[in-house]
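One structure is given here, and the rest of the page talks about it.
Numbering (my numbering), first residue to last: 12 to 787.
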């Protein structure tokens, strides 16, 4: 195990480290601020020098430009009489007075040089020279782009990468007729003069560098490594746009320079050459004083941090010594409780700690004695408490047995209540359907329709409770089969389309030609629950029931334009008895079991269930199921043919066996309305006798609980044994407890729970009759 650091070491290290960090941070901050400030000051100086340089260049050129202009106006008088010697003498004098002129000459109107400072150029034709062509249009200046007049050599001094500068002007006589052109080529020494006037004679001792570029970015004057190159810099681009500032940027040689820049903008009526003047200084040299200050500050900071470390070490010693003394004493007390705690007066906190430790040790001693005294009576208390716990356990056993008996009684009561409530509700459904076929008039029809809607809501509640009971009892098994999607969806949509229209809502069904393998009954229950919820909670707009392909799966979507579901409630709506805060429209709210059943059925079928909802905009439920193949036409045709089985009911002899006279009467009326011959009996004993003696029937509707301990399956078994043949029967049950449902399922006969929808009863009977007398 690693030995921990001492408090003295930790305090000294922390204080000295903090001091060093603060000093380093302050040094860096001051250095950065100083560097930025110095850079700004140097940049401003560079910019000022560049601006002064371009101004001096423009002024120097302006003076030459004005001299050549004056010469052009004076030459008509000097040349009067055709004497060119006087002109040459004047030019020589002008050149002697200003050594910046490399060559001065005058031509006749055809461009032939008639007098010049260089006799070798007299008689040469300059009509194609740029300075002559430009002067023919007025006074001109610029870089000589096509060389100079043929003579003994290039006039004057010129940089290796630049072109000579010319100034020229036309000559007019008193009549305003052009008599020639006067031109001058300048020696580049004038630039050196301007540079010396700005930077002084000790240019070589300075760290600034002057660079002059033409409008194309070509270096005219500058360091030898830049001669003849073209610079592509942000400062050059800014200067070409008329900028006059400075920048810190990287140059082609890889170095970073503070660069001031300015562009020639002329002087007085002289427009200038538009050259770019750059004055640069290496950033490292420029910021060298700041870096030196940073190093000095850091050195002194390190020295001060060392002093702080020594002071911290001494201070930590003063703080830790009393604490170490107390710690050693506390460790000794652990071995010998009688050792006294020494008083500490080094500083207030240590004094308080020593007093507190002494009080704590004293209190611990007192408690130890109290515990020793308490231990003497502990065994007696344990025996007494054990006896008390035994008595309490006996009482708990009795209470648990009473609770279990109460729970069983409650379950029996709920099962009986469910059975007793389902019986009259089943009869009411049948009577209401019979009544709907017999009433006329809008009001009567509406009232019957409302009655059927109320009964349907009650049936939905009982069905939801039944489904939950079946799920809890594990009685639902998945019976997978092929499902043709178009026919399957149309059968579901038919009833909902009519209900939506009745409520003034739009119902849209979009399908795809595909086939899936799943349990059609469970899937239909899921979709009907979702569509029923959509209708309940949609007040305006409509519902879309659609199928689409999603990769290798088929997606069923149920979308409504209802109130939507708050995001905080979306995870809870799948819980049992969770109901929406929005009141249902046109129906009872239900028990809050529909979505719980949807989720549990979806898990059984391996279906992915998705929910997307936006409050105030609507809700979309999506079921994702693997696709098998394209649906065949034969399957669609078979599915469409199922409703025609109802024709088998016409003329069929159907026996009704139930111990509730109301249900018998209601079922008799329902079957008679569908064209059946309904056979009823005075009692269960009468039914057993007549059916067992061979009463001719095609099918039977038999209640599960017939009273007096007789069940529908046992009655049918006795009748079949006596008749010597099978009896096709549909079993109806009002009991939804696990035992009843298991018994019904084990018979292998078709069955429905009460209250059963009349159409469902008719469809089940038609299916039975199709086995007795198949359709042609």
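Here a beta-carbon is modelled for each residue, glycine too, at the ideal position from N, C-alpha and C.
Query	Result
Anticipated Cβ contact below 8 Å, residue 723 with residue 742, distance rounded	5 Å
Residue 378 to residue 368 span [Cα, whole Å]	15 Å
Distance between residue 537 and residue 615 (C-alpha atoms, nearest Å)	11 Å
Local conformation of residue 140 per DSSP, three classes	coil
Length of the line joining the Cα atoms of residue 280 and residue 310	59 Å
Length of the line joining the Cα atoms of residue 20 and residue 324	7 Å
Backbone CA spacing between residue 572 and residue 506 [nearest angstrom]	19 Å
N- and C-terminal bounds of the alpha helix (DSSP H) containing residue 496	496-513
Nonlocal neighbours in the same chain, by C-beta distance under 8 Å from residue 445, ignoring five residues either side	677, 680, 681 and 684
Option nearest residue 138 by Cα separation, candidates 128, 130 and 117	117
Paired residues, beta bridge with residue 229 - DSSP	241
Cβ neighbour criterion (16 or more within 10 Å) applied to residue 820	For residue 820 there is no data in the structure shown, the boundaries of the chain being 12 and 787.
N-terminal and C-terminal residue of the beta strand (DSSP E) that residue 352 is part of	Unbroken run through residue 352: none, as it is neither H nor E.
Straight-line gap, residue 580 to residue 497 (C-alpha atoms, nearest Å)	34 Å
Secondary structure of residue 22, DSSP reduced to three states	helix
Residues that residue 634 bridges to, as DSSP identifies them	567 and 620
Residue 195 versus 105, 120 and 407, residue with shortest Cα-Cα distance	105
Candidates 726, 703 and 686, of which the one nearest residue 669 by Cα	726
When 521, 490 and 517 are compared against residue 502, the one with the closest alpha-carbon	521
Between the CA atoms of residue 297 and residue 245 - distance to the nearest angstrom	20 Å
Limits of the beta strand (DSSP E) - the one that residue 529 falls within	526-529
Segments assigned beta strand (DSSP E), at least 3 residues, entirely inside the segment 733-779	740-744 and 762-764
Other residues of its chain near residue 66: CB distance less than 6 Å, five sequence neighbours each side excluded	none
Within 9 Å, strictly: CB atoms of residue 354 and residue 362	yes
One or two residues paired with residue 271 in a DSSP bridge	257 and 290
Beta-carbon proximity check, residue 534 vs residue 636, cutoff 9 Å	yes
In DSSP terms, what residue 559 is bridged to	566
First and last residue of the uninterrupted alpha helix (DSSP H) at residue 101	96-108
Identified DSSP bridge partners for residue 687	Per DSSP, none; premise fails for residue 687.
Cα-Cα separation, residue 611 to residue 696	43 Å
Environment of residue 456 [buried if 16+ CB atoms lie within 10 Å]	exposed
Alpha carbon of residue 452 to alpha carbon of residue 767, nearest angstrom	27 Å
Per DSSP, cross-strand counterpart(s) of residue 220	291
Neighbour-count burial assignment, residue 331, 16 or more Cβ in a 10 Å radius	buried
Collapsed DSSP secondary structure at residue 151 in the structure displayed	strand
Buried versus exposed, by CB contacts within 10 Å (16 or more), residue 526	buried
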